[in-house]
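Q: When we follow UniProt numbering, the leftmost residue of the sequence shown carries the number 1, and every step to the right adds one.
Glycine is no exception: its CB is placed at the ideal position from the N, C-alpha and C atoms.
Right, I'll just put the structure down here and ask away after.
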Amino acid sequence: MLRKTAWGLAAALLLAGLFSFGYLTYYPFLHFFWGSTDLIATSVSATMLATLINGLLFAFSGLLMLALMLRQNARQRFSAQRIVARSLGIALGNVALFSLFVAGHKFLLAPQIPQGVSVDITHDYFLPEWVLSTVIVLMLSAWRHKARPA
1 MLRKTAWGLA AALLLAGLFS FGYLTYYPFL HFFWGSTDLI ATSVSATMLA
51 TLINGLLFAF SGLLMLALML RQNARQRFSA QRIVARSLGI ALGNVALFSL
101 FVAGHKFLLA PQIPQGVSVD ITHDYFLPEW VLSTVIVLML SAWRHKARPA
């Protein structure tokens, strides 16, 4: 088993990595995906605050998934490699599903959006996609690890 200091360091590194991934990747990726060219901010705005909150929520969801995964398999011994591999699998699955759901949302909204109008993605109408992707990834992870112990 890992020592408490190693767990704390691993959680801090995971938190920092997930925050930077969520902060630097999600909204710029979606801005590009929706066709907006406003990728550089020169002052504090609602979009910048939304990306900061998004980074925090993404980091929190990653830590929550890690905690649930460790609680689910509490009796097993974990190596750092196994924890990193499972965490990356969950995070990448979450990003892939979220991107897929956003693409579906964009496809369904396409007839309602006039040409040349950019959709503001900082609104919370993307919350169902976010929650659904997280829940599906957690269910698949739990099912996979229950069916095939590590």
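Under 7 Å Cβ to Cβ from Trp130, same chain only, skipping five residues before and after it: list those, please.
A: If we look at Trp130 and ignore the five residues flanking it on each side, its Cβ neighbours are Phe98.
Q: Check whether the Cβ atoms of Ser133 and Phe101 lie closer than 8 Å to each other.
A: Yes, these two residues count as a Cβ contact at 8 Å.
Q: Quick one: what does DSSP say Pro111 is sitting in, helix, strand or coil?
A: Reduced to three states, the DSSP call for Pro111 is helix.
Q: Give every residue of the same chain whose Cβ lies closer than 7 Å to the Cβ of Gln81, excluding the five residues on either side of it in the sequence, and list them in chain order.
A: Excluding sequence neighbours, Gln81 sits near nothing in its chain.
Q: Where does Leu39 land, buried or exposed, given buried means 16+ other C-beta within 10 angstroms?
A: Residue placement at Leu39 is poorly supported in this model, since its pLDDT is 49, which falls under 50; the coordinates are not used for a value here.
Q: Counting C-beta neighbours from all protein chains within 10 Å, is the total for Leu138 16 or more, i.e. buried, or is it exposed?
A: Answer is buried; the Cβ neighbour count reaches 16.
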